[in-house]
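See below for the structure under consideration.
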Amino acid sequence: MTMSGQNSIYNPERRPIDEVRIKTLVNGQYVDIPALDKHWIVEDREFTFYSALPSDGTLVPGAKEAWLERMDYLIADFKWLLHLEHHRFWSQIALDGGRAVGGVEHFVQEAHPLYALDSFPCRDDAQVMRVYEQVLRLAYLVVCRLTCQIESESEWIKRETLAHLWYDKYIITLPMLFDVCLLYGDANTKQLTKLVKTVFEIQPLYKDDLKNAVCFIGERLSVVQDKLNTRKVAEQHHPTRLFERDLNAKPDLSLADLSDLILFLLDTVLNLSTFLFIYQPACAILHSLRFETKIVSFYEHTIPSINDHLAQLSKKDDTIDIYFDLKYKLDVIRVQMIKIFRYCLFSPLNAMIELNNIRSKNADQIKVYIEDFISTLSEFLADKLFIQDYHKAHPVDQDLDILSQVYPQLDSLKCEFLMESVWSCYDVPPPAPNATPTNGATSSQQQYLGPSKNSKTEPVRKPDRVELESLVTQVKDLLPHLGDGFVQKCLEHYNYDSATVINAVLESNLPDSLNALDPSMPAAVDPPPSSETANNLPVRVNVFDNDEFDIMTRDSIDTSRVHKGKWKMKYKNLNEMLDDKSHVTELKERFTQLGFVEGEEDVYDDEYDDTYDGVDISVGEAGEPERRQFVTPRVLESRSGRGRRGGGGEEDGDSGGDDGEEEEEGGRSGNRDSFVENPEVVRERLERQRQNKYRNRGGGGPPPPASSRDVTGKPKGQGQDKRVLENRDRKNTGKAHVGNHNRRNMAQRKRNQGMMPS
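Just so you know, full-length UniProt numbering puts 513 at position 513 of the sequence shown, and the rest follows in order with no gaps.
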């Protein structure tokens, strides 16, 4: 590499700056010096730092001229840096010990952001505002050059070298990026988005710094919660013991302290919100750290406390302007917190929606983000104040409609449950709008600390006696030293919210009306209701009204139809049911009627045909009945009758057998035609067959029946009979698949059927 006499770099090979060596004249000799070297630093130059005007706007004589002169020096420094050659600029920035970049960082940190421009001193002075805007513009140009990798074809720097200089030389830091986004984000959104994206792509280590910064912001918010005693016990690493809590501790804040606290919160949330708007990939980092949980907790518990303290400290007339100013800033904090939650929740999904071919390539990823969106939002449904404000700013039903269009397979049941939970947050009437603080109870107290019995909200439904006793029991489980009457008075004051009563007692935050009562006051005994009161009971409305068991409308009911418990079965087993012949008796009269056949009536017909009257027709014998013989149905015949009818074809008993055999054969034939054969007869017949079987075998009869299925057998070591082994095998095969361990299931079954109380 060579260099001309005017020190203009010559780089025909277009190498990066860290590989370029410049030949320059040193002490009368030409020496090759690297392009990034201390040789190019201007050591004797003093850089000026930005100094703001007094915040109260009071200027002593000569203060304005001094400030304008300092700004002239600062403008000269910024212009000098912008006009430096590429290698001289980076040598000065990277190797001068931070003097050159310090002026830029100090200005970006101390300049007035957009939310503080109203308090900028000498805002009406045109000269001051013109100079300030010039400094603001030049500082932005210096920042842009610090993040520029390629200035020309021959003046550029490698990504690795640039990442090393940024991170190791502290040229670009994450707090500086936050301040730059807050200062220039409103007017230069697109340029800053590209700038910050380039920084994070070239140096990925800034993502780790972002995680640390988010954790630090969460810790600072926790410090604010601790200062106001609003930090939830659930957010701590372990539960706080009651004796470790200072129940009487109340934050000792002045109006100035509260103003500083609100300004700190405003700067913090605006920095974070603007940065997330500029660099949306950071939203995924915050979501992975569950930062939205910290935001919702702070919004739900700490913002109301700050609002209440502000109203308490602004009761005087001379502080009314401060109250309105801080109240406006507090509302801005609420809006920005909702934006941060929105970015963390919806920005990753927006990035996926903007991609092409969503349904073909990224449907699975879309499903993951949608389920994460619904589950995250469902996690905070208990925080009613936050959900109400979030739904007003970003309607949840519209979000679900958009998601259903992007992903048609969205679970409709989850969406309906989510919307019902959101609408349930509006069951309590909305609080009255905040008014100017006056003496007495403030509107912020009524809005955030719950309505008292004297508030003008709609009355809460008074619980019945059983519900009231349950609420009293919940309070006395934690505070057993309190009397029932005192607890009831507290519940009446706090709209029957047991959690609020417990919290108020533990923090000694009861109103004077309750503090004047005796904590051990018992419950008052209600007088018996009079007849007039009993007659004025409300009208009963029930689905069982006016039925046959309604004792309110009937003087007497059929108690025989009322049964409590399980129905007892009529039969113990199947054999007993089969042996019951009562239905046969019931049908006997019916079959008797069916057995009679009436004859036709002999009605004279004058149109009788006498054509064949002359033909001889046989005449029946005298005494012959005019209708057929009475026949008893076979089912209703007795056993003896069936036997006789079965053997009725033989005369004088010439059957060749004895009477017993005839009866047996007759009974067997009758049984064969029976509608239902008698089980006793069946068992007797089977027993005779079994006896005949063993008699035909010649074994001398069946073996003696065993009195029981013996599975015990002889003592161990003496051998076992074959029947004992068979009994053991039969017992093992026929036993249940599971042990008798279902006592709880059977008890639950009895309980479900009303046999025992729950």
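Note that beta-carbon positions come from the ideal geometry of N, C-alpha and C, so glycine has one too.
C-beta neighbour in chain D for residue i, strict 7 Å
| i | result |
| --- | --- |
| K197 | Absent from the structure is chain D; it holds one protein chain and no more. |
Proximity to residue i [Cα-Cα], best of the options
| i | options | result |
| --- | --- | --- |
| T268 | E467, Y115, M552 | Y115 |
| R290 | I333, L265, Y343, L261 | Y343 |
| C595 | K570, H563, T632, M577 | Residue 595 is actually Gly in this sequence, not Cys. Comparing Cα-Cα distances from G595 to each of K570, H563, T632, M577, the minimum goes to T632. |
| Q109 | S152, R45, L182, P61 | L182 |
| D32 | R21, W40, K489, R695 | R21 |
| S378 | I402, L510, E416 | E416 |
| C563 | I551, D179, G754 | Reading off the sequence shown, one finds His at residue 563, where the question assumed Cys. The option with the nearest alpha carbon to H563 is G754. |
| S288 | L205, F275, T376, K327 | T376 |
| W80 | A66, R145, I502 | R145 |
| A35 | L345, F89, W166 | F89 |
| N575 | R554, E677, T559 | E677 |
| P43 | I93, S412, L53 | According to the sequence provided, residue 43 is Glu. The question's Pro does not apply to it. When only C-alpha atoms are compared, the closest one is I93. |
| N727 | G713, G717, Q718 | G713 |
Rounded straight-line distance, which links the Cα of residue j to that of residue i
| i | j | result |
| --- | --- | --- |
| V724 | K588 | 51 Å |
| S91 | D37 | 6 Å |
| K581 | G565 | 29 Å |
| A76 | P281 | 37 Å |
| R697 | T585 | 44 Å |
| D226 | L265 | 14 Å |
| E105 | C283 | 25 Å |
| P12 | S154 | 7 Å |
| D710 | N745 | 32 Å |
| Y279 | T193 | 6 Å |
| H583 | R561 | 23 Å |
| Y184 | C148 | 17 Å |
| R123 | M129 | 7 Å |
| D545 | V466 | 24 Å |
| V101 | A213 | 22 Å |
| K572 | V682 | 21 Å |
| H238 | G98 | The predicted model places H238 with a pLDDT of 49, which falls under 50 and marks its position as unreliable; any figure quoted below should be read in that light. Using only the alpha carbons, I get a separation of about 44 Å. |
| Q748 | L270 | 58 Å |
| S452 | N752 | Confidence is the limiting factor: at S452 the pLDDT is only 37, short of 50, which leaves the residue's position unreliable and the question unanswerable from this model. |
| D401 | T189 | 29 Å |
| A504 | A524 | 23 Å |
| H39 | T24 | 10 Å |
| K750 | W567 | 12 Å |
| S412 | W423 | 16 Å |
| L53 | Q191 | 30 Å |
| V296 | V131 | 42 Å |
| K476 | L482 | 7 Å |
| D325 | F78 | 36 Å |
Contact belief for residue i with residue j at Cβ below 8 Å, rounded distance in angstroms
| i | j | result |
| --- | --- | --- |
| R55 | P121 | The residue you asked about is not Arg; residue 55 is Ser in the sequence shown. 6 Å between Cβ atoms; contact. |
| V135 | M71 | 6 Å |
| S273 | Q336 | 4 Å |
| L578 | P715 | With a Cβ gap of about 44 Å, L578 and P715 do not count as contacting. |
| I41 | D96 | 5 Å |
| K207 | I285 | 7 Å |
| L276 | I333 | L276 to I333, Cβ: 15 Å. No contact. |
Whether residue i touches residue j by CB criterion (7 Å)
| i | j | result |
| --- | --- | --- |
| K294 | L221 | yes |
| G485 | P519 | no |
| Y494 | P463 | no |
| I202 | R137 | no |
| S498 | L471 | yes |
| E151 | H86 | yes |
| L174 | D209 | yes |
| K414 | I374 | yes |
| H164 | T230 | no |
| C425 | K489 | no |
| G103 | F49 | yes |
| I387 | L330 | no |
| residue 760 | A393 | Examination of residue 760 is not possible in this model, given that the chain is present from 1 through 758 alone. |
| P16 | I171 | no |
| T161 | D18 | yes |
| V180 | V143 | yes |
| Y328 | S314 | no |
Open item on the list: Quick test of the definition: if touching needs 3 or more C-beta pairs under 8 Å, does the region 404-413 touch the region 364-376?
Closed with: The region 404-413 is in contact with the region 364-376.
Task: Touching by the beta-carbon criterion (3+ pairs, under 8 Å), the region 257-265 and the region 298-316 - done: yes
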